[in-house]
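If you read the sequence shown in UniProt numbering, its first letter stands for residue 1, the second for the next number, and so on. A short write-up of the structure that comes next.
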Amino acid sequence: MAGKGGNNLTVAARLMAIAVGMFLLFGIAMEFLETSLALFSVLLLYLVYCGYILPEIDRRRAPGLL
């Protein structure tokens, strides 16, 4: 039975998905930066909201689910 991290193929697939996602996010950020500073700022605010604020709201609202 695989451990918490999974087998090597699962770990490799997860790392590859993260790398592709980061590449796409970088491309979108650069396009927004070239197009408009306002769009770039909105993207940064959205990423902060999704990365820091939403997980905190979920933890406070339903602590027993995690």
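Cβ atoms here follow ideal geometry from the backbone N, Cα and C, with glycine treated the same way. Just so we're clear, the structure is a prediction, and the values are computed from it rather than from any experiment.
One question on the structure: do residue 32 and residue 43 come within less than 7 Å of each other, judged by their Cβ atoms? For the purposes of this step, residue 32 is taken as residue 32 along the sequence shown, with counting starting at 1. For the purposes of this step, residue 43 is taken as residue 43 along the sequence shown, with counting starting at 1. Their beta carbons are under 7 Å apart, which means residue 32 touches residue 43 by this criterion.
DSSP on residue 7, reduced to helix/strand/coil? Translated into the one-based positions of the sequence shown, residue 7 becomes position 7. Residue 7 falls in the coil class under three-state DSSP.
Counting only C-beta atoms, is residue 51 closer than 7 Å to chain B at any point? Among the chains in the structure shown there is no chain B, since it carries only a single protein chain.
Residues in the same chain with beta-carbon distance under 6 Å from residue 13, minus the five sequence neighbours each way, listed in chain order, please. Translated into the one-based positions of the sequence shown, residue 13 becomes position 13. Excluding residues within five positions, none has a Cβ falling inside 6 Å.
Whose C-beta lies closer than 7 Å to the C-beta of residue 47 among residues of the same chain, with five residues either side of it excluded? Taking the sequence shown and counting its residues from 1, one reaches residue 47 at position 47. If we look at residue 47 and ignore the five residues flanking it on each side, it has no Cβ neighbours.
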